[in-house]
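Worksheet: the structure to be examined is printed underneath.
Protein chains in written order, with my numbering: chain A, 451 to 831; chain B, 761 to 1097.
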């Protein structure tokens, strides 16, 4: 009897101390700000799903150097004020060591002053290059989405290969469309191209015939339709109706299979620079990204019963970069920041090579030229 | 201003200034700074809606004008933040005059329609006039405002700064509604014909109060720009104008304190819900952000159904009901004889 009691006490003590020892290995806290609800929830939802999925996997495998990865997820609703409050909450209240997100360029830029003042690294999942440039003023900010300018490079290089000289632009009047229009116009000269028409449409427009006729009359040999809103699918349709046979280029904002469905048969043959996740089956076997892409797509789709998206891919890259940095440097924010600048990582959006002068880590190789064949995205051969 | 108002005002100001002693976390202070911006615009809107009986569905646009004046003039032209804020106020005054003069001469809710149209024009301009407003990409690196050479670069400093500005604005508004002008305005709200018959120049009063309310909104917008240091068209869309009207209506139209209460409630609510979500997650209940909308709608519905006077009036009524009940019970126990 006595022995039993002693045994019990000893086991009890052992369990207690081992729990205490486990608790002493404090968890690594990482904050996430995503537009989970609201107008941009199509961005935030896959991003949230992805980071949760990755964190569970890491913790199931024993965490990072024995530390549990703890995520604090905040909903920005796509609004600047909410994003600013969320960033403050994560930094001051939850005391996270790094932030992933926000989802949109506007909310990311609104958070820049806060994370910079608090000296906490942030990896935005939005595309605008002003988020990370100039690097001297964006010491604490990184991003994982591909650069607009690289998409323009791929389009213009393809035009050079085909001997196209005169280009007509048609862009949507949103942030994405405006940023693209600016890049397209400023870089055309470098590739020996002439912009002969510069048309726009609003997200609510239902017919672009007038703009397309202007482009045709200007003698364009190719059209670039740069937009991220559903209205962009009307352009290929109108072109088919007008029997315009010149090559149509879309931006990476076309990378959503819904837009292909909306354009129907007219989408076949258009060309656009896109993330490889969209056409993972047709990506060359020897591409270093092939394995990562296939695994992520399979895992995400099995778990959430919905198609994977490149936006979830931005979150996949961001959280994996943070995890790498945590492994290298522990959870000191300044050490994480320094570590990120040294990271080489093959992810969903491309092969990242961060450096003290490059906080995007991606170049034009992050895009492949894709085309639409029988209603599906395939790599352009 | 009467004794009662002085006491209420002083208690409120002392409470707000003492608050950082209990909550010093920058996150909470930041939320309260945004609350002050909303309250500022609400007080102006309340003067117009509650006292002059006119609805503006475009007050978010005046906030946008204040914010964009601050953003554009300080970053593009290198003006001092104070000067830019003054220019924003002047622009708001001018635009309010242009909109107000024709629409307020007419009877009925023409101002509501004019301001609704105006709000969407301002939003379109802020999105499409890329050379001036930088379009949807927004204006970055807006400088912080300085007070006597003292940069307001921390949340605590900015907290005191905006709440003191708000207190000044509120003090002025309270005095205004208790003055001859205020009585005239309430007469207009009651009946325009009667007010006109007793010698109130209704058009002039309405235009003046509309301009004043635009000034409150513009100041709120400028302060927002200097605090966040970044603006894009997003925060100033039509929904923001509607939110301001909701704040005033929820708080109680007929009292400036109601506007303050509504502004505080609806500014804090999203953050309170987010904190509630953390608590739920702590005890193992999955609270999805999507539920926010339901809770939000439920609270608004409850206030509108059971507190038609608004939050402030509702609480006063509730208080007097409780007081009466106690008095009745006391009366029963000690029957007067």
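C-beta atoms are modelled at their ideal positions from N, C-alpha and C, and glycine is treated no differently.
- Following the DSSP letters along the chain, one finds residue 708 of chain A inside the alpha helix (DSSP H) bounded by residues 707–713.
- Its chain contains 793, 912, 987 as the residues whose beta carbon lies nearer than 7 Å to that of residue 918 of chain B, once the 5 sequence neighbours on both sides are disregarded; these appear in chain order.
- Between the stretch 1045–1054 of chain B and the stretch 486–496 of chain A, the count of Cβ pairs shorter than 8 Å is three or higher; the stretches touch.
- Counting only Cβ-Cβ distances below 9 Å, residue 794 of chain B has contacts in chain A at 531, 534, 535, in chain order.
- Annotation for residue 773 of chain B: the continuous alpha helix (DSSP H) segment containing it runs 763–782.
- Residue 564 of chain A: not part of any beta strand (DSSP E); member of the alpha helix (DSSP H) spanning 555–568, first to last residue.
- Using a CB distance cut-off of 8 Å, residue 636 of chain A does not count as an interface residue toward chain B.
- If you look at residue 675 of chain A, you'll find it in the beta strand (DSSP E) that goes 672–676.
- Nearest CB-CB separation between residue 580 of chain A and chain B: below the 8 Å threshold.
- Between residue 476 of chain A and the set A:483, A:500, A:509, A:491, the nearest pair of CA atoms involves A:509.
- Beta-bridge pairing by DSSP links residue 519 of chain A to A:478.
- Going by beta carbons, residue 1005 of chain B and residue 859 of chain B fall outside the 8 Å limit.
- The alpha-carbon of residue 609 of chain A is positioned some 37 Å away from that of residue 749 of chain A.
- For the set A:722, A:530, A:646, the Cα lying nearest the Cα of residue 677 of chain A is the one of A:722.
- Under the criterion of beta carbons closer than 8 Å, residue 582 of chain A and residue 526 of chain A do not qualify as touching, at roughly 19 Å.
- The closest CA to that of residue 590 of chain A, considering only A:682, A:611, A:547, A:675, is found on A:547.
- Residue B:1021 holds the alpha-carbon nearest to the alpha-carbon of residue 802 of chain B among B:1079, B:894, B:1021, B:1074.
- Burial of residue 604 of chain A is indicated by the presence of at least 16 other C-beta atoms within 10 angstroms of its C-beta.
- The Cβ-Cβ distance between residue 672 of chain A and residue 697 of chain A falls below 8 Å.
- Taking C-beta atoms as the reference points, residue 991 of chain B and residue 883 of chain B fail to come closer than 8 Å.
- For residue 621 of chain A, the enclosing beta strand (DSSP E) has its first and last residue at 616–622.
- Counting only the Cα atoms, residue 980 of chain B lies some 56 Å from residue 734 of chain A.
- Contact with chain A is absent for residue 891 of chain B, since none of that chain's Cβ atoms lies less than 8 Å from the residue's Cβ.
- According to the DSSP secondary-structure assignment, residue 502 of chain A is paired through a beta bridge with no residue.
- When only Cα atoms are considered, residue 711 of chain A and residue 720 of chain A end up about 13 Å apart.
- When rounded, the separation of the alpha-carbon atoms in residue 532 of chain A and residue 762 of chain A is 21 Å.
- Using a Cβ-Cβ distance cut-off of 8 Å, the stretch 784–804 of chain A and the stretch 517–526 of chain A are not in contact, since fewer than three pairs of beta carbons, one from each stretch, lie closer than that value.
- Minimum Cα-Cα distance from residue 571 of chain A among the listed residues A:783, A:492, A:801, A:798 corresponds to A:783.
- Separation of residue 599 of chain A and residue 962 of chain B (C-alpha to C-alpha, rounded to the nearest whole angstrom) is 58 Å.
- Taking the Cα positions, residue 1064 of chain B is about 35 Å away from residue 848 of chain B.
- By the beta-carbon neighbour count (other beta carbons within 10 angstroms, threshold 16), residue 1091 of chain B is exposed.
- Distances from the CA of residue 971 of chain B to each of B:783, B:853, B:903, B:812 were compared; the closest alpha carbon is that of B:853.
- DSSP places residue 528 of chain A outside both helix and strand once states are collapsed to three, so it counts as coil.
- Residue environment for residue 767 of chain A: buried (at least 16 other C-beta atoms within 10 angstroms of its C-beta).
- Each residue's CA atom was taken as its position, placing residue 966 of chain B and residue 867 of chain B some 11 Å apart.
- Nearest Cα to residue 567 of chain A within the set B:904, B:893, B:851: B:904.
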